[in-house]
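Visitor: Handing you this structure, nothing more for now.
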Amino acid sequence: MKKSIWFILAILMAVLPANAMEESTAVFEREGELQPANQIDRIVFKKLASLNIEPVLCSDAVFLRRAYLDILGKIPTAEEVRRFINTPYSKNKRSELIDELLARPEFADYWSMRWADILRVKAEFPINLWPNAAQAYHHWVHTAIAEDMPYDQMVREMLTASGSNFRVGPVNFYRAIQNKTPEGIATVVALTFMGARAEEWPKEQLANLSAFFSQIGYKPTNEWKEEYVFWDPLGTTKTEGNSAPGSAKITTVVVEKNTNQPPQINREPQPAFFPDGTAVELTPDRDPREVFADWLITPENPWFCRSLVNRTWAWLLGRGIIHEPDDIREDNPPSNPELLVWLEQDFAANKYDMKRLIRQILNSRTYQLSSVSNTEQPQTFEQFGAYPLRRLEAEVLIDAVNAITGSSDLYTSAIPEPFTYIPKDQAAVAIADGSITSPFLALFGRSARATGMWNERDNQTSAPQWRHMLNSGHIQEKLEKGPNLREMTLRKYKPEQIVENLYLSILSRPPTPAETETMLTYGNTANPKPPPKRPGGHLTPKEKKAYWQRYKAADDERMKDWIDIAWALINSPEFLYRH
Amino acid sequence: MKPITRRNMLAQGLCGAGGLMLSNRLQAAPAALAMTDHAKAKSVIQVFLWGGMSHNDTWDPKPGTGRAYMGDFPDVLKTNVDGIQIGQLFPKLAKQADKYSLIRSMTHGINGHETAAYYMQTGHTRDERLAYPSIGAVFSHFKGQNYNGLIPPYVVLTEPQGRFSEEGFMGPKYKPFATGGDPNAARFEVEGVVAKGISDERQIARRELLATTDSLGRALVSPVLDHAYFSKEKAYELILGAGKKVFDLSEEDKKLRDSYGRHKFGQECLVARRLVEAGVPYIVINYPGGWDTHKGHFARMRQQCPQLDQGLAALLEDLSQRGLLDSTLVWCCGEFGRGPKIDWQPPWNGGRNHYGAVFSALVAGGGFRGGQVVGSSTEKAEEVNERPVYPVDLLGSIYHLAGIDPAGQLPHPLGLEARVLPEVSGTVKSGGLLTEIM
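Residue numbers (the numbering used here), protein chains in the order written: chain C, 1 to 579; chain Z, 1 to 438.
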C-alpha cells in the first residue's frame, strides 16, 4: 500500500508536474477577469494595482465554504455543496447565497459568540457574572443581533443601562469588568466601543473619561446573587477596589449614620472633558453615562464607527484596516485610509446597520479573493490582495467535526455546583456562557473572555492540538462511531461515490479525478472484501446472531480504510483552516 | 537516630539565629537561603493521595491508643532507621526509611476536599481573589522555559484531578498533559500518543495518506502553514518517534516491572521514573481511586496500602540505584489526613472522616535528607504537638530545592500582582521552610 501511493505520486510529480499544480489551484481559484463589485473593490483594487498585485477570485466551492463559516460559523452539508456547485455561474449566484445565509437563525448564534468574546459573557472567574446573569446578557446580545438592532442603539443601551443583572441584560456590561473603579470601567468602555487602549493614554485623558463612570452603583438584593446596577450620584454603595459585585465583598457605605438629614447633593454643574478634549458640564440631574453616550454615538465621532467597521472587517478578512483592531491610535495608521473612511461614512449613513455592513463586505470581490495567489508578495495581506489562512475557531472546529461524523460533545461548567450541563445537540458556537466549556475548547484556544481583547482568542496551531486531532480517543471515537460517517460509507455506494461523499462533507467540494484515484489506492478501498455469505436455509436465532456478528466484523474492517481517509481529510489544512 | 523536632533541633544547635528567623517567617527565606545556581531537584514526582489518607494507619501510628484509634492495625513496624516506626501495612517502605523523611505535623485545619486540595496544590487559600495555578503549572512556567523535551513539562498520570490542580489564571497553556490509559494494561494507551486500536503500522500508513491529501498545502506557500507543519512534526515525534518510547514499559526488565507491582499505581511509578529520565520537570501521580475512605475504611486500607507500599518503595529504591534520587524530589501526601478517632457507628461502621488539623507527608530526594522525622502530633494524633508544617512551608521547600523563588511573580494575563506563594501574614500561617531536612 505504502509503495503504491508513492508510486502514483511519483508518476504525478514526474509526468505532470505543471498540470498537477494547475489542477490544484483550479480547485481554489476562478479564472477570468476580475471586475469590482462595489465601492470597497474600487478602493482596494486601486491600491493593489499601484503595488502590482493582481488579485484572483476564489472558486465557487471555496466561496461557499467561506460564506458558511463567516455567516453561520459552520460548514455546509454535502447536499448544500451539491446544490450550490451545480447551480450555473451567474452574476448573482454568490450574492443570493449571502442573502440566504444572512437570513438563517444560526447567523445570530455565531455572531453572538463573536460579540460575547468582546463583551466578556462569562459566569465565573475572572468575570464572575453568575450563571443567570451571563444567560441574560447573552440573550440580550443574541436578540439584538437576531433582530438587527442598529449598532448605535445597542451601544447606547449598554452604556446607559440600569436595573437587575438577571432581568436587564445590558447592565451586565458594567458587571463584566474585573476592575470596577471608574478608571477600570473607562478602560473597558474605550476598548469595547472606541477600539482604543486607554491604559496607554496620557493619565489626564483617562481621568477625563473616568469621570463619566464615577457614579455607577452596584447593590445586592435579597435574591441570591441578584444585583442592581444604577446611577448612584450620592455614592450610597461603594465597591472595595476591584471586588466582584454580588459577592460578600461589597460594603454598603452609609453616608451619614443615624441622622435624618438628606445627603448633601452638589447642585453645581461640574466641569468635565470628553476624550477628544471637548469640555462639557455634568449637571446633577443627568446620569453622566448618558452625557458620554450622546458624545460617543454620533456619525462625526472619530472613534465610534471606525471601531465597529474595522472590527467587522477584521472578523471577515482576518486583520483590521487598522491592526490590531482594538489598538486604534494616531501612530497606528490604517493600511488603506480611504477604505476605512468610506466604510465609516457608509455605515453611519445607513442607520448603523451591522448586517448591511457584513453583507457589503461579503459581496465585495475583495472578500472573495483566492488564498492561493500573491502569497509571496510583500504588502499583499495588509492591502487585502489575498485571503489570509486562519485556523478555525475552537467552537467552529468541533462543531464541524461533530456535523461530519454525526456525534456530539458534552459541555459543562464545573462551578458553581450543581454542575451546569447543556443539551447534547447544542452547537458549541451557541454556548452562551464562557464558563461552560470542554477540554477541546480550552485546548484550541477559545477566548477566556477575561479582558475582551481581540487577541484573547488564540487560533495558533500547537503540537498538543495536533496530537488531539491526529491521535486522541475523542476524535477517533467520533470517526469510528459517528452515524453520519457510517451512512456516507455504506456498501450501497460505489467506492468513488464514497470518496465524493467524504470530500463534499469534509472539504465542501468534489474531489478532483486525481484525488479520487489516490484515495482508491489506499488499503482495499477500490476492491473491498465482499461481506460474508449468509448461510442458506432457515437460521436459528443463535445462527442469525452469529452471522450478523460476522457481517459486522467484516464491515468494521472495510470501514477502517474510509475512517483513515476521513481522518486524513479532517487533518488537512484545507479543513482546519479558513482559506 | 532521634526524630528531629524543633525542640531538639534547637538543643542540638542545628538551628542558629538565622534558622530560627527562617522558621518563623517564610518570607525571610530568599535572604537567608540564597538561591543556588544549580537547583538540586531537577524533577519532581508528586504522589497525590487525593481524598485524604489516614495518618494513624500509615506513617504516624500511635501504638497503645487502642481500637478506638488504631482499629484493625494495632501493630507498628521498625524501619531501617533507628527510632522510626511506621504502620504495619508498609513492610517495603520500612526497609527504605533511610531514603525518605516523614513530616508528622502537616496542618491547615481545612476539612473540605476542594478547599484543602486547592490549598495543598497552590499554597494559596481560597480567601485570595485570584485562582492560582497548581505547583505543577508553576513548574511548567519556570522550568518549561529551558526545557526542550518531547514530553510536555507537566505530566499527570493518569487522570487529571480537575478544578483545583490546574492552570488557574495562567491559562490553558499550562494545563497538565494527562496521559489517561492504564500503564498496567497490555498496551498503555496514552491520550494523543498511543491511540486505542490503532497499530503502529496503521499509524504510519495514515501519516503517508495525510501527505497525499494536502491539496491546499501544495497549492500555496504560507508561513501560517509552515508553522502548522512544524508543530505537526513535533506531535509526530511523540506519536511515532522517540517520545512514545518513554511510555513503552515493555522496554523494562520484567523483574523490575514486577518489583513495582503489577497494578496501576505500581506501573504509574515506573512510568514516572521513565519520565524523570526523559527530563520531565514535574510529574503527578493521582492515586488511582483515591483515599476517601468514609466507609469500608479498613478493607480499603488492607487492599490499597500494600500497593502504595510496593510502588513507592520500588520507586525510591530504583531512583536511588540509578543515582537519580539526589536530583529527583518525591513527595507524597493527601489534601488532609483522616479522623484519628474511628467512627464505629452506622452509617460509617468503622470509617474515618476528613481531618485537616494534623496529617503526615513523605518527602524524599532532590535535596531532602532521608531517615528523619519532622515534627510530631499529639498522643492520639489529633493535633500538632511540635513544629507545625503548613502548605506554604512544604511547597516553599520544594520550590526552594528546585530553584524557584517563592516570592517570584507568576504571569497574570492582566499583569496583576501574583506571587508564587503568598507572603506570610496574619492569615497566611507558616512554620518555616523544612531546613532541618535539607
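We put the beta carbon where it would ideally sit given N, CA and C, even for glycine.
Closer than 7 Å between beta carbons: that is the criterion. Which residues of the segment 26–54 of chain C meet it against chain Z?
Guide: Within the segment 26–54 of chain C, those residues whose Cβ lies closer than 7 Å to any Cβ of chain Z are, in chain order, V27, F28.
Visitor: Figure out for me which residue from Z/P183, Z/S430, Z/L434, Z/D292 has the closest Cα to the Cα of Z/G123.
Guide: Z/S430
Visitor: Taking buried to mean at least 16 other C-beta atoms within 10 Å of its own C-beta, is Z/Q307 buried or exposed?
Guide: Residue environment analysis places Z/Q307 among the buried positions, since at least 16 neighbouring C-beta atoms fall within 10 angstroms of its C-beta.
Visitor: Would you call the segment 107–122 of chain Z in contact with the segment 94–105 of chain C, where contact means no fewer than 3 C-beta pairs closer than 8 Å?
Guide: no
Visitor: For Z/L238, which residues in chain C fall below 7 Å Cβ to Cβ?
Guide: In chain order: R467.
Visitor: Alpha helix (DSSP H) containing C/R66: first to last residue?
Guide: In the DSSP assignment, C/R66 falls within the alpha helix (DSSP H) that extends over 60–72.
Visitor: Using the DSSP secondary-structure output, state which residues sit across from Z/S105 in a beta bridge.
Guide: Z/S105 is not bridged to any residue.
Visitor: Tell me the rounded alpha-carbon separation between C/A134 and C/I436.
Guide: 11 Å
Visitor: Taking only the alpha-carbon atoms, compute the straight-line gap between Z/R187 and C/T87 and give it to the nearest angstrom.
Guide: 52 Å
Visitor: In three-state terms, what does DSSP make of Z/L312?
Guide: Correct three-state label for Z/L312: helix.
Visitor: Flag Z/V138 as yes if its beta-carbon sits less than 9 Å from any beta-carbon of chain C, otherwise no.
Guide: no
Visitor: Using a Cβ-Cβ cut-off of 9 Å, state whether Z/I198 counts as contacting chain C.
Guide: yes
Visitor: Kindly indicate the opening and closing residues of the beta strand (DSSP E) around C/K533.
Guide: Here C/K533 belongs to no beta strand (DSSP E), and DSSP marks it neither H nor E.
Visitor: How close, in whole Å, do the beta carbons of C/Q178 and Z/L414 come, if the pair is a contact with beta carbons under 8 Å?
Guide: 7 Å
Visitor: Quick check on Z/Y260: does DSSP put it in helix, strand or coil?
Guide: helix
Visitor: Using a beta-carbon distance below 9 Å, is C/G217 in contact with chain Z?
Guide: Residue-level contact check: C/G217 does not touch chain Z, since none of the beta carbons of chain Z fall below 9 Å from its beta carbon.
Visitor: Using the rule of at least 16 other Cβ atoms within 10 Å of the residue's Cβ for burial, across every protein chain shown, is Z/A361 buried or exposed?
Guide: buried
Visitor: Compare the C-beta of Z/Q203 with all C-beta atoms of chain C and state if any pair is closer than 9 Å.
Guide: yes
Visitor: Could you check where the alpha helix (DSSP H) with Z/P223 kicks off and where it finishes?
Guide: Boundaries of the alpha helix (DSSP H) harbouring Z/P223: 223–239, taken from the DSSP string.
Visitor: Please tell me whether Z/V47 and Z/Y260 are closer than 9 Å, where the distance is taken between their beta carbons.
Guide: no
Visitor: Among C/V155, C/T221, C/W201, C/I216, whose alpha-carbon lies nearest the alpha-carbon of C/F166?
Guide: C/T221
Visitor: Quick check: is the beta carbon of C/W231 nearer than 9 Å to any beta carbon in chain Z?
Guide: no
Visitor: State the Cα-Cα distance for the pair C/P531 and C/N524, rounded to the nearest angstrom.
Guide: If you draw a straight line from the Cα of C/P531 to the Cα of C/N524, it comes to about 13 Å.
Visitor: To the nearest angstrom, report how far apart Z/A313 and Z/V280 are at their CA atoms.
Guide: 21 Å
Visitor: Strictly by DSSP, which residues pair up with C/E281?
Guide: C/P271
Visitor: Taking C/L159 and C/F292 to be in contact with their CB atoms under 8 Å, please state how far apart those CB atoms are, rounded to whole angstroms.
Guide: The pair is a contact, with the Cβ atoms about 7 Å apart (cut-off 8 Å).
Visitor: Please report how far the alpha carbon of Z/E268 lies from the alpha carbon of C/F384, in whole angstroms.
Guide: Near 53 Å, if we compare the C-alpha coordinates of C/F384 and Z/E268.
Visitor: Find the nearest neighbour of C/F231 within the set C/F193, C/G163, C/F273, C/E487, judged by alpha-carbon distance.
Guide: The sequence given here places Trp at residue 231 of chain C; Phe does not occur at that position. Out of C/F193, C/G163, C/F273, C/E487, C/G163 has the C-alpha closest to the C-alpha of C/W231.
Visitor: Along the segment 560–575 of chain C, where does the CB come closer than 8 Å to a CB of chain Z? Name the residues.
Guide: K560, D564, I565, W567, A568, L569, N571, S572, P573, E574
Visitor: Can you give me the start and stop residues for the alpha helix (DSSP H) that Z/W50 sits inside?
Guide: Careful: Z/W50 lies outside any alpha helix (DSSP H) and carries neither H nor E.
Visitor: For the segment 48–58 of chain Z and the segment 344–359 of chain Z, state whether three or more C-beta atom pairs, one from each stretch, are separated by less than 8 Å.
Guide: In short, these stretches touch, since the Cβ pair count reaches three.
Visitor: Helix, strand or coil for C/S162, going by three-state DSSP, please let me know.
Guide: coil
Visitor: Beta-carbon of Z/L315 versus every beta-carbon of chain C: anything under 9 Å?
Guide: Between Z/L315 and chain C, the shortest Cβ-Cβ separation is not below 9 Å.
Visitor: Closest Cβ-Cβ distance between Z/A407 and chain C: below 9 Å?
Guide: Chain C contact via Cβ: absent.
Visitor: Look at the alpha carbon of C/W454 and the alpha carbon of C/P202, and state the distance between them as a whole number of angstroms.
Guide: Their Cα atoms are separated by approximately 22 Å.
Visitor: For Z/S377, which beta-bridge partners are listed by DSSP?
Guide: In DSSP, Z/S377 forms a bridge with Z/V384.
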